[in-house]
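0 is the number of the first residue of the sequence shown in numbering that gives the first Met the number 0; add one for each residue after it.
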Amino acid sequence: MRRFFLYFIPLFLFAQQEDGSISGTVMGDSEPLYGANVFLEGTTLGATTDSLGRYTIDNVPVGKYTVRVDFLGYETERLDLYISLQDMEISENESSSFNEKLGIEDESLTTTVRGNTITDFNFNLRSSALDLDEIIVSASKVQQKITEAPSVVSLVNERTIRRRVGVTDYNRLVAMAKGVDVTYFGSQGAQINARGFDGAYSTRFRQFYDGLYLGEALSGQVYSLLSGPPKESISRIEVLFGPQSALYGPDASQGLLNIIPKHPMRDTDSEVNFSSSSLNNPRLGGRYVKNYEKLSIDISGELKYSNEVPYNNDEDDIFWVVGDTLYLTEDLFDPIEVNKNHINANIYYRLNRGSELSAFYNYTAGNGYAMGSLGPQYNRDLINHQYGLRFNNQNHFLRITARNQTGEAVPRTAIGIHQVTNRNPDGSSMPWNVALEDYGKDGQGWWLKYNSDDFNADYQYNNQLSSRLKVVSGFDYEFKDPKTERTAINDLGTSPITGKYGGTEINESRYGIYGQLDFLINNEFSINSSLRYDDHEFYGMTLSPRASLVRKNFLSGTLKLIAGTGFKAPTLLERNIYAGQRSIAGGTEGSLDPFMNIPYPQDFIIDAVAMGSGNGFTVVDFKDLNGDGIYNGTEIDSFITSNYVEPIDLEEHQSLELAYTSVIGGNNLFEVNFYSGRYKNFKGPLTAFAVTGPAWNYLVQSSGPLQLDAIRQVNYGDNLVHSDPVPHFTYALTYANLPLDVTFFGLEGGWKHLNEDYEISMNFSYFNDQGLVNKREKGKKYSNYLNSLETSSPSDSIYADYFLYANIYSNTPNFKGSLAITNYNSLLDKLSSTITLKMTSPFDFVSGFFSATDEGKGTIAPANAGQSWFRNPGQIGGQLYADLDMMYDYSEQIYFGFSIKNIFESEAPTIPITPRIPRSFVFETGYIFE
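Below, the structure is given as structure tokens:
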């Protein structure tokens with residue numbers, strides 16, 4: 000019995016050693032990495048490194064494993080090993096049967112680590128050259144790998160930014176990124192969107208700098224020429240696609256761009272750069288950094304000036320018909336000066352390790368323009384003061400921000416009308432510089448005051464509750480207090496239209512609370528879900544959900560399934576706008592109407608007035624039987640018909656997306672994603688919904704057929720009878736929702752290849768909006784039916800339900816692609832050259848007064864009759880846009896850059912009614928202080 004017991008002791012001890020362990024250190028560029036994820040692929044076993052980079056994985060069963068290490072900003076590394084029954088040498092004769100039990104191939108045994116207690120199993124990770132392992136923060140508002148983000152992300156890093164010689168507008172810097180639509184205007188301007196439904200004035204795609212919105216305070220419009228930070232301060236630019244309302248609130252329904260600034264402890268170089276071009280747009284920019292033991296200072300700034308590219312209207316005459324045909328004798332864009340002064344100052348104080356307190360101040364002053372629904376919107380003397388405090392550590396982030404903005408704006412068309420109606424003695428139109436000072440003095444127009452005080456507060460908490468569960472939660476609050484004196488919105492002030500004092504006190508507040516859970520199911524699968532609650536003073540509460548499932552190690556890559564819903568809230572301007580232009584058209588008694596060929600019974604002048612649709616409008620057609628010009632009800636006047644324009648409301652965007660990313664061979668990054676989307680309650684651009692007054696002039700008829708002895712009236716709200724309606728001869732515009740239901744889908748892909756001597760990046764996008772096209776064609780058929788002589792009943796048509804689709808366009812190409820090739824040390828040592836090519840298929844673009852379609856090429860819409868500027872130029876796109884950038888590093892401190900922009904002088908992609916962008920030559924140089 001004793002012998003029997005002693006016989007089993009070695010077997011018992013052997014069994015106790017069956018589970019093994021693995022330990023070691025993870026380094027990154029020879030420095031310990033804290034928080035690296037070390038795990039055994041295909042199992043739930045893993046560990047996280049400590050502050051010295053050490054890790055231990057216990058209770059590892061016998062078997063063959065692949066150990067994988069992940070860390071933000073570093074390439075993933077894998078090593079194989081075997082956990083054996085004991086740490087002992089195995090004879091050659093014994094090895095075969097032992098290996099068979101474990102499923103180990105003999106040929107790999109001699110080159111692979113094996114044992115029961117494996118120590119010093121170390122890793123030294125390399126910084127990621129490809130974007131696959133880049134750190135991003137925008138998708139979840141915390142640092143994470145781009146492959147694990149619950150969104151599809153395109154990234155533009157600092158090295159790509161530096162290659163774009165002389166490019167300072169951040170929208171142009173991302174023009175080559177996968178999936179984005181960037182349209183150019185002028186010498187430096189650009190506008191960004193993604194996946195369709197862009198507009199000349201659109202805020203669906205949000206743009207941020209360090210999480211703070213870049214748009215103008217009142218309208219939300221982004222003047223990228225003025226609002227963007229100096230490129231010296233930019234670490235990288237992250238572009239997220241699809242609804243982002245679950246974290247960013249009911250505005251980022253289409254996607255967002257977030258500019259990530261440099262931090263002085265990570266980017267320690269000071270620098271100064273100068274650039275200029277053949278378009279006469281000199282720029283001086285720089286950054287100063289100073290680090291002390293607990294204190295850091297980071298100041299960046301730029302001075303920028305340019306004259307705009309000529310429109311060349313001597314080749315295509317521009318005129319307005321205001322009683323007579325009046326021509327603009329000065330170039331439409333050439334005299335416009337764009338300039339900017341910007342200072343971005345930050346001071347950081349480290350309270351202890353991991354906790355930092357900082358203060359910031361941003362100052363921007365300048366003159367520039369952005370595109371709008373009525374044409375370019377020129378902004379002069381725009382001054383922004385933004386200042387705030389931040390606190391952050393590993394788990395908490397708190398920021399308080401205040402902003403004061405002053406400025407004046409006016410549509411370029413309004414200045415143009417003033418120029419042609421106030422002519423010089425020699426018959427030429429008033430010069431631009433004189434018109435800027437003279438505009439508004441005659442009471443025919445006015446500058447829109449863009450004054451506003453804003454306050455923001457945002458807080459976030461994040462914590463890794465366990466090795467599998469991470470939580471992110473937070474809130475943000477915003478208060479807006481505009482002061483336009485009734486020149487831009489209907490706040491308190493004297494109306495420049497009626498001369499009456501009125502309006503209401505307008506300010507608004509909103510807050511949002513969000514939460515996000517990131518759960519690691521195992522080392523292969525993770526799930527991320529977010530939910531946000533918003534409460535707005537005017538449009539009430541909304542809930543925005545998002546969920547994603549991430550599958551790692553799928554065909555050597557990462558697979559994501561993402562679903563979300565986003566809401567687009569009406570901006571303060573869209574709900575309360577009160578602006579316009581006097582005397583956009585008119586006629587004199589006895590003169591013939593150009594369309595109806597009947598004489599006018601009296602003199603008249605049409606004023607354009609944009610009005611906010613916070614309460615809606617009622618359009619009433621009637622016959623005035625008592626001669627007072629106002630509808631008084633059926634007891635007094637003869638009622639014809641009415642139409643209620645609903646108050647503007649939330650727009651909804653639902654999205655589903657499948658994305659795959661993979662690295663092959665260590666230097667090839669492949670990306671492909673398929674998405675589908677659905678828009679409901681679509682918000683249209685600023686659009687004319689009625690022209691008030693007697694029906695004997697063509698503009699009244701342009702807003703709907705009306706009997707010649709009738710009158711069209713617009714009432715505020717849902718009132719059929721109103722004692723103070725909108726005045727006669729008003730061209731009434733508003734922002735309104737369209738009860739549409741639009742579905743679309745698309746496919747995007749990209750390939751990036753890195754080599755010691757060159758880099759290749761290629762992207763393509765396909766957008767399918769055929770469902771909208773079919774509905775639009777039916778809507779046009781119904782519109783033609785209404786205008787036909789056979790029309791007896793407006794509802795007597797199979798296409799009646801599609802009427803509102805007749806003028807809705809996705810405003811994006813069905814196909815687009817880009818190619819960038821960078822050659823290092825080409826021709827000369829330390830000389831790199833990059834050629835970038837971008838092409839889109841031709842596409843229709845309709846937004847507000849803009850119309851660029853194949854069907855309407857060469858025509859002027861009846862609503863814009865008498866304004867040649869709005870002649871339809873035909874489709875945009877369809878051409879190849881190419882740049883060549885060359886960078887020579889003279890030394891580690893000094894560099895020189897040269898570039899040829901728009902090599903083939905392509906007209907695409909440019910926004911309609913803007914100058915053709917010529918070929919230009921750019922020079923840039925800089926000095927880096929180490």
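For every residue, glycine included, the Cβ atom is placed at its ideal position computed from N, Cα and C. As the structure is a computational prediction, the values presented were derived from the model and not from experiment.
> Based on Cα-Cα distance, which residue from Gly-563, Gly-198, Phe-524 lies nearest to Tyr-808?
Replying inline: Among Gly-563, Gly-198, Phe-524, the Cα nearest to that of Tyr-808 is on Gly-198.
> How many angstroms separate the CA atom of Thr-47 from the CA atom of Tyr-247?
Replying inline: 30 Å
> Along the chain, where does the beta strand (DSSP E) that runs through Ile-346 open and close?
Replying inline: Per DSSP, the continuous beta strand (DSSP E) segment holding Ile-346 begins and ends at 336 to 351.
> In chain order, what residues of the same chain lie with their CB nearer than 6 Å to the CB of Ala-174, ignoring the 5 residues before and after it?
Replying inline: For Ala-174, where only same-chain residues beyond five positions count, the Cβ hits under 6 Å are Val-181.
>> Using the three-state DSSP reduction, which class does Lys-829 fall into: helix, strand or coil?
In response: coil
> Nearest CA to the CA of Tyr-348: which residue from Leu-388, Val-61, Gln-253?
Replying inline: In terms of Cα proximity to Tyr-348, the closest of Leu-388, Val-61, Gln-253 is Leu-388.
> Hey, Arg-282 and Ser-232 are a contact pair by Cβ (cut 8 Å); roughly how many whole angstroms apart?
Replying inline: Wrong, their Cβ atoms sit about 14 Å apart, outside the cutoff.
> For the region 514 to 533 against the region 616 to 630, are there 3 or more C-beta pairs whose distance is under 8 Å?
Replying inline: Three or more Cβ pairs closer than 8 Å define a contact, and the region 514 to 533 falls short of that threshold against the region 616 to 630.
> Going by Cα to Cα distance, which pick from Asp-49, Ser-150, Tyr-476, Thr-328 is closest to Thr-660?
Replying inline: With distances taken between Cα atoms, Thr-660 lies closest to Ser-150.
> Alpha carbon to alpha carbon, what distance is there between Ala-408 and Val-608?
Replying inline: 15 Å
> How long is the line joining the alpha carbons of Phe-11 and Ser-83, rounded to whole angstroms?
Replying inline: Caution is warranted here: a pLDDT of 43 is assigned to Phe-11, below 50, making its placement in the model unreliable, and the coordinate value is therefore given only provisionally. Looking at the backbone, the Cα of Phe-11 and that of Ser-83 are separated by about 16 Å.
>> Within a Cβ cutoff of 8 Å, which residues of the same chain sit near Lys-829, ignoring the five residues on either side of it in sequence?
In response: The residues are Tyr-887, Asp-888, Tyr-889.
> CA-CA distance, Glu-891 and Glu-923?
Replying inline: Computed Cα separation, rounded: 16 Å.
> For Gln-404, which residues of its own chain have a beta-carbon under 6 Å away from its beta-carbon, when the five flanking residues on both sides are left out?
Replying inline: Ala-216, Asn-383, Ser-451
> Counting only runs that start and end within the region 677 to 717, where is the beta strand (DSSP E) found for 3 or more residues in a row?
Replying inline: 686 to 690, 710 to 715
>> Rounded to the nearest angstrom, what separates Asn-506 and Pro-861 at their Cα positions?
In response: About 37 Å.
> Taking the Cβ atom as the reference point for each residue, do Ser-299 and Val-337 lie within a distance shorter than 7 Å?
Replying inline: no
> In terms of residue numbering, what span does the beta strand (DSSP E) encompassing Val-179 cover?
Replying inline: 179 to 184
> Going by beta carbon distance, what residues of the same chain come within less than 7 Å of Ile-103, once the five residues before and after it are set aside?
Replying inline: Note that Ile-103 scores 37 on pLDDT, short of 50, meaning its location in the model is unreliable; the coordinates nonetheless yield the value given after this. For Ile-103, same chain residues with a beta-carbon under 7 Å away, outside a window of 5 residues either side, are Lys-63, Tyr-81 in chain order.
>> My output table needs one value for His-262: the three-state DSSP class, helix, strand or coil.
In response: coil
> Does the beta carbon of Glu-634 fall short of 6 Å from some heavy atom of the ligand GDP?
Replying inline: Of the ligands one can find in the structure shown there are none, so the ligand GDP has no counterpart to examine.
>> Which residue wins for smallest C-alpha separation from Phe-207, given the options Phe-621, Gly-227, Ile-710, Ser-218?
In response: Gly-227
>> So, does the region 602 to 616 touch the region 569 to 588, judging by three or more C-beta pairs under 8 Å?
In response: At 8 Å Cβ cutoff, the stretches touch.
>> I need the straight-line Cα distance from Phe-359 to Phe-802, nearest angstrom please.
In response: 51 Å
>> Short of 6 Å in beta carbon distance, which residues of its chain neighbour Tyr-804, apart from the five on each side in sequence? Order them along the chain.
In response: Closer than 6 Å at Cβ, skipping near neighbours: Lys-774, Arg-775, Gly-778.
>> For the region 480 to 494 against the region 241 to 260, do three or more pairs of beta-carbon atoms, one drawn from each stretch, fall closer than 8 Å, so that the two count as touching?
In response: no
> Among Gly-873, Leu-325, Arg-171, which one has its Cα closest to the Cα of Leu-256?
Replying inline: Cα-wise, what sits closest to Leu-256 is Arg-171.
> Taking one C-beta from the region 458 to 468 and one from the region 512 to 519 each time, how about it: are there three or more such pairs within less than 8 Å?
Replying inline: With the cut-off at 8 Å, the region 458 to 468 and the region 512 to 519 touch.
> Should Tyr-734 go down as buried or exposed, given a rule of 16 or more other Cβ atoms within 10 Å for buried?
Replying inline: buried
> Between the Cα of Asn-366 and the Cα atoms of Asn-378, Gly-353, Ser-276, Leu-685, which residue gives the shortest distance?
Replying inline: Considering only alpha carbons, the answer is Asn-378.
> Around the C-beta of Tyr-169, are 16 or more other C-beta atoms found within 10 angstroms, so that it is buried, or is it exposed?
Replying inline: buried
> Do Val-112 and Val-68 have their CB atoms nearer than 7 Å?
Replying inline: In this structure, Val-112 keeps its C-beta atom at 7 Å or more from the C-beta atom of Val-68.
> With burial defined as no fewer than 16 other Cβ atoms inside 10 Å of the residue's Cβ, what is the status of Asp-534: buried or exposed?
Replying inline: exposed
> Whose CA, out of Asp-636, Pro-544, Val-720, lies closest to the CA of Phe-616?
Replying inline: Val-720
>> Let me check one thing: in DSSP terms, what residues is Met-175 bridge-paired to?
In response: Beta-bridge pairing links Met-175 to no other residue.
>> If you follow the alpha helix (DSSP H) that Ala-245 is in, where does it begin and where does it stop?
In response: 244 to 247
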